Amino acid sequence: MTSFAHTCYRINEIERSVKFYETLGFVELRRMPIRDEAINVFMGLPDDELEPRLELTFNFGRTEPYEIGSGYGHIAITTADLDALLEQLAGQGIESERPPYSVREGDSRLCFVRDPDGYRIEIIERS
């Protein structure tokens, strides 16, 4: 039996990234040092029994941004109130790529934002 464990992003600033994902509803579960090379910050969601679903890896001594690559798409999360969440993110200087929209009439509204390191996040409003 296979199950999804987590996604890992390499980040440039721990506290900035943790704050962003906490605004999206994630909870910091633990930090795990990797010798003197790096630290992993594991984040989870309350509805997911606080399983670590996101691993943020900070490599000591790295100063230049990471290249995201052309194969990366996005992760998706849901929220009950898209407008309120976007307002909270705007307080951190995070804006949606375009205003919320529906793919088809009657579908849930959604939009995309980028985290502090440029990774795309799809936010879908639950009906």
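Be aware that the sequence shown starts at 1, since it is given in our numbering, and climbs by one per residue.
Beta carbons: idealized from backbone N, C-alpha and C, even for Gly.
In this text the structure is predicted, and so the values were computed from the model without any measurement.
Classify Pro65 as buried or exposed, calling it buried when 16 or more other Cβ atoms lie within 10 Å of its own Cβ. The residue given as residue 65 occupies position 65 in the sequence shown. Burial call: exposed.
Give me whichever residues DSSP pairs with Phe42 in a beta bridge. Counting from 1 along the sequence shown, the entry for residue 42 is found at position 42. Paired residues: Arg30 and Glu55.
Taking the beta strand (DSSP E) that Arg109 falls in, what are its first and last residues? Your numbering for residue 109 matches position 109 in the sequence shown. Counting along the chain, the beta strand (DSSP E) containing Arg109 begins and ends at Arg109 to Arg114.
Alpha carbon to alpha carbon, how far is Thr79 from Gly106? In the sequence shown, the residue the question calls residue 79 occupies position 79. In the sequence shown, the residue the question calls residue 106 occupies position 106. C-alpha separation (whole angstroms): 17 angstroms.
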